[in-house]
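Written out below as structure tokens is the structure these notes cover.
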Amino acid sequence: SDSQFAQMEQYQDQLPEVINRLKSNETYQTTVKRDMQYLEGEREEWRYYKETLEQEEEMLRKVLYILAGAGMAVIIMIMILGVVLKFDFKMLVLVAAVVVGAAGGIMVWRLQNDEADIKRSQVNINYATTLLNKISFKYVNVTNAVDYACEKYHVKNSYELNYIWEQYLEAVRERDKYQRTNDELEFLTGKL
Numbered sequence: 382s383d384s385q386f387a388q389m390e391q392y393q394d395q396l397p398e399v400i401n402r403l404k405s406n407e408t409y410q411t412t413v414k415r416d417m418q419y420l421e422g423e424r425e426e427w428r429y430y431k432e433t434l435e436q437e438e439e440m441l442r443k444v445l446y447i448l449a450g451a452g453m454a455v456i457i458m459i460m461i462l463g464v465v466l467k468f469d470f471k472m473l474v475l476v477a478a479v480v481v482g483a484a485g486g487i488m489v490w491r492l493q494n495d496e497a498d499i500k501r502s503q504v505n506i507n508y509a510t511t512l513l514n515k516i517s518f519k520y521v522n523v524t525n526a527v528d529y530a531c532e533k534y535h536v537k538n539s540y541e542l543n544y545i546w547e548q549y550l551e552a553v554r555e556r557d558k559y560q561r562t563n564d565e566l567e568f569l570t571g572k573l
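When you line the sequence shown up against the numbering used here, it's residues 382 to 573, in that order.
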């Protein structure tokens, strides 16, 4: 259009550089957006892992209490049966205590590992959030630059701006050709 032609004519010295900058900003914007999506995925993965560990930890605590109660009940029953039936129950009590202690020890060890993993997960969530915030700032800045250029030149993207620029160059060539042809026509008409 005439308005696009006038605008291209006004910025013709800057436009090749503007087009290249807009293309590189759009590429960078796409890269940053992909990085943001990756980091959001990582952060959510760590959150899911942390929630799983917290659920496992809660379940282990309940099982540990049940195991302790059941172990005490079994030891008391062995002692009562030993007194009633008059047999040596010390070895059975010792075996039951060792089994309950070993199972409890494994659960406590697992609880400690889960607690350490929960802390590590929270650190990773915080780190991913920090990185995501930094990248979000970059994304906002590059998006503002792209939006400004698109708004200034009344285009949707660098491809459209490049197309209009090429159309402008073609129109300038046609105009120059038309002018030369007119000049030659006037010259030859004058000669004739």
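Quick reminder that beta carbons are idealized off the backbone N, C-alpha and C, glycines included.
- Cβ contact annotation for Ile456 (same chain, cutoff 6 Å, sequence separation greater than five): Val474 and Ala477, in chain order.
- Cβ contact annotation for Ile516 (same chain, cutoff 8 Å, sequence separation greater than five): Val413, Asp416, Met417 and Leu420, in chain order.
- In this structure Glu407 is buried. Its beta-carbon is surrounded by 16 or more other beta-carbon atoms within 10 angstroms.
- The alpha-carbon of Thr510 is positioned some 32 Å away from that of Met488.
- Taking a 10 Å sphere around the C-beta of Met440, we find fewer than 16 other C-beta atoms and assign the residue as exposed.
- With a cutoff of 7 Å on beta-carbon distance, Met389 and Tyr540 are scored as not near each other.
- Taken through DSSP and simplified to helix, strand or coil, Ser517 comes out as helix.
- Here Leu396 has Met389 and Trp546 as same chain residues with Cβ atoms under 7 Å from its own Cβ, once five neighbours each way along the sequence are excluded.
- For Phe568, the enclosing alpha helix (DSSP H) stretches over residues Ser539 to Lys572.
- Counting only residues of its own chain and dropping the five nearest sequence neighbours on each side, Phe386 has a CB closer than 7 Å to the CB of Tyr549 and Ala552.
- Between Trp427 and Asn505, the beta carbon gap of about 5 Å places them in contact (Cβ cut-off 8 Å).
- Apart from sequence neighbours up to five positions away, no residue of its chain approaches Ser405 with a beta-carbon distance below 6 Å.
- By the neighbour-count criterion, in which 16 or more other beta carbons inside 10 Å mark a residue as buried, Ser502 falls on the buried side.
- Scanning its chain for C-beta atoms nearer than 8 Å, with the 5 sequence neighbours on each side dropped, one finds no residue around Asp528.
- The Cβ neighbour count for Tyr446, taken over all protein chains shown within 10 Å, is under 16; the residue is labelled exposed.
- In terms of Cβ geometry, Leu512 and Ala484 do not form a close pair [threshold 7 Å].
- Shortest Cα-Cα distance from Leu403 to any of Gly422, Thr524 and Glu496 involves Thr524.
- For Ser382, the three-state secondary structure derived from DSSP is coil.
- Setting aside the 5 residues that flank it on each side, Val536 is surrounded in the same chain by Leu542, each with a C-beta closer than 6 Å to its C-beta; the list follows chain order.
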